[in-house]
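Residue numbers (the numbering used here): 19 to 185. All C-beta atoms, glycine included, are put in the ideal place defined by N, C-alpha and C. To keep things clear, I will list the structure first and then write my remarks on it.
Now the structure itself:
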């Protein structure tokens with residue numbers, strides 16, 4: 019397998035992982051009653067908070083990956099931190115919505131995210147930028163801020179819905 023073919027397979031694999039994790043999150047909340055969806059867990063977040071956050075961050079980080087990949091200069095800053103006001107506002111604005119609307123918004127965000135990732139040319143996955151956590155290639159950015167982040171929130175969602183009845 020050539021380096022280009024390997025890079026294409028790796029990029030496609032990451033997009034597929036995002037799709038799979040997103041599908042599992044959506045399946046987890048399917049048929050969950052509204053009251054359970056909006057009931058806050060011990061960490062203060064309800065399943066609805068998680069859905070609102072995921073819908074926001076998949077778009078954001080896919081866009082950041084695309085930006086870093088498109089730059090001619092490497093090692094320029096990218097990203098944000100946990101306390102970013104726009105991030106917080108997006109969650110606060112959406113978490114009270116109904117389950118169908120949250121799921122629809124997440125579905126749309128995931129589709130956009132995956133399309134963005136698939137649009138990054140394979141040779142650009144090695145481009146790098148600098149986040150507060152350090153230097154990262156596009157591949158590392160996607161792994162940390164999309165794939166791993168989705169997996170973390172899938173687990174959090176399960177805790178938030180622990181004991182919830184399904185309709």
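Proximity below 7 Å, CB of residue i to CB of residue j
{"i": "residue 36", "j": "residue 132", "result": "yes"}
{"i": "residue 145", "j": "residue 87", "result": "yes"}
Distance between beta carbons of residue j and residue i, contact taken as under 8 Å
{"i": "residue 172", "j": "residue 39", "result": "6 Å"}
{"i": "residue 70", "j": "residue 112", "result": "4 Å"}
{"i": "residue 175", "j": "residue 125", "result": "Contact doesn't hold; Cβ gap of about 15 Å is too wide."}
{"i": "residue 117", "j": "residue 50", "result": "7 Å"}
{"i": "residue 33", "j": "residue 136", "result": "5 Å"}
Bridge-paired residues (DSSP) for residue i
{"i": "residue 103", "result": "BP columns for residue 103 are empty, so no partner."}
{"i": "residue 153", "result": "148"}
{"i": "residue 69", "result": "Residue 69 is not bridged to any residue."}
{"i": "residue 95", "result": "148"}
Neighbourhood of residue i by C-beta, 6 Å cutoff - its chain only, sequence neighbours within 5 removed
{"i": "residue 127", "result": "73, 76 and 77"}
{"i": "residue 134", "result": "80 and 84"}
{"i": "residue 142", "result": "87"}
{"i": "residue 108", "result": "74"}
{"i": "residue 155", "result": "144 and 146"}
{"i": "residue 165", "result": "35"}
Nonlocal neighbours in the same chain, by C-beta distance under 8 Å from residue i, ignoring five residues either side
{"i": "residue 42", "result": "172"}
{"i": "residue 114", "result": "56 and 66"}
{"i": "residue 92", "result": "145, 146 and 147"}
{"i": "residue 121", "result": "44, 47, 48 and 69"}
7 Å CB neighbourhood of residue i in its chain, flanking five on each side removed
{"i": "residue 95", "result": "147 and 148"}
{"i": "residue 105", "result": "74 and 98"}
{"i": "residue 82", "result": "96, 97 and 159"}
* Asked: Does the stretch 152-165 come within contact of the stretch 59-74, defined as at least 3 CB pairs closer than 8 Å?
  -> Output reads no: the stretch 59-74 does not touch the stretch 152-165.
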